[in-house]
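The block underneath contains the structure these notes are about, expressed in structure tokens.
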Amino acid sequence: GQNIDQPTEMTATEGAIVQINCTYQTSGFNGLFWYQQHAGEAPTFLSYNVLDGLEEKGRFSSFLSRSKGYSYLLLKELQMKDSASYLCAVPRTGGFKTIFGAGTRLFVKA
Amino acid sequence: KAGVTQTPRYLIKTRGQQVTLSCSPISGHRSVSWYQQTPGQGLQFLFEYFSETQRNKGNFPGRFSGRQFSNSRSEMNVSTLELGDSALYLCASSRNRDRGGTGELFFGEGSRLTVL
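Protein chains in written order, with the working numbering: chain S, 314 to 423; chain C, 8 to 123.
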């Protein structure tokens, strides 16, 4: 399968914590990426998980469970500049083809 | 280190015309991928090139083609343009996994194509 599912939109308040979920199906696993894309800009790399567990990087953390085909991106101490789309992505076929979910648009309100 | 460079940034074409987009990857990156991004469909994989060879192709009609040169620069071409081809076309380069890369994609700013 090629499905990657993530919520379409989320809204959160400045200073709060938000969790963006991603479920995927794959016949072979080469890791999972999260990218951030601000409106009108190119996607930029946020995190990469290849082993189960939590990877923390500043205000952003990403979790992976390979057995469940599940990942989440955790954003802490939300700032207005975090308003963006967050894309879950999975490399396929030996890593030569990265497939993206439709993205989750996060709105951070004051 | 210069990033991924795409040209042109914006272009307007009419139905039936053809268009060529160019991408220069980050120096040392030999893998180049192309994506189409539209508001309704998100990022759709077009194709990936490595050492002048297309290793993978997405589910797009034959009007969409590409190539890669010996210096890793890549071009994609869309012939017989249709209104639905209006989109942002993104190029991304990555360092190969056998060179220690994870497959992380570095994107260019994109070429925004409008078909009238």
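Heads up, the beta-carbon is just placed ideally off N, CA and C, and yes, glycines get one too.
Asked	Found
Distance, glutamate 368 (chain S) Cα to glutamine 349 (chain S) Cα	16 Å
Cβ of serine 29 (chain C) within 8 Å of any chain S Cβ	no
According to DSSP, residues forming a beta bridge with valine 421 (chain S)	S:Ala325
Spatially closest choice to lysine 394 (chain S) from S:Asn316, S:Gln319 and S:Thr326, by CA coordinates	S:Thr326
N-terminal and C-terminal residue of the beta strand (DSSP E) that proline 404 (chain S) is part of	397-405
Enclosing beta strand (DSSP E) for leucine 377 (chain S) [first to last residue]	373-378
Sequence ranges, beta strand (DSSP E) only - wholly within the segment 31-70 of chain C, length at least 3	38-45, 49-57 and 60-64
Environment of glycine 314 (chain S) [buried if 16+ CB atoms lie within 10 Å]	Low confidence applies here, because glycine 314 (chain S) scores a pLDDT of 42, under 50, leaving its location unreliable and the question unanswered by this model.
Neighbour flag for proline 320 (chain S) against chain D, beta carbons, 8 Å	No chain D appears in the structure shown, which is made up of the protein chains S and C.
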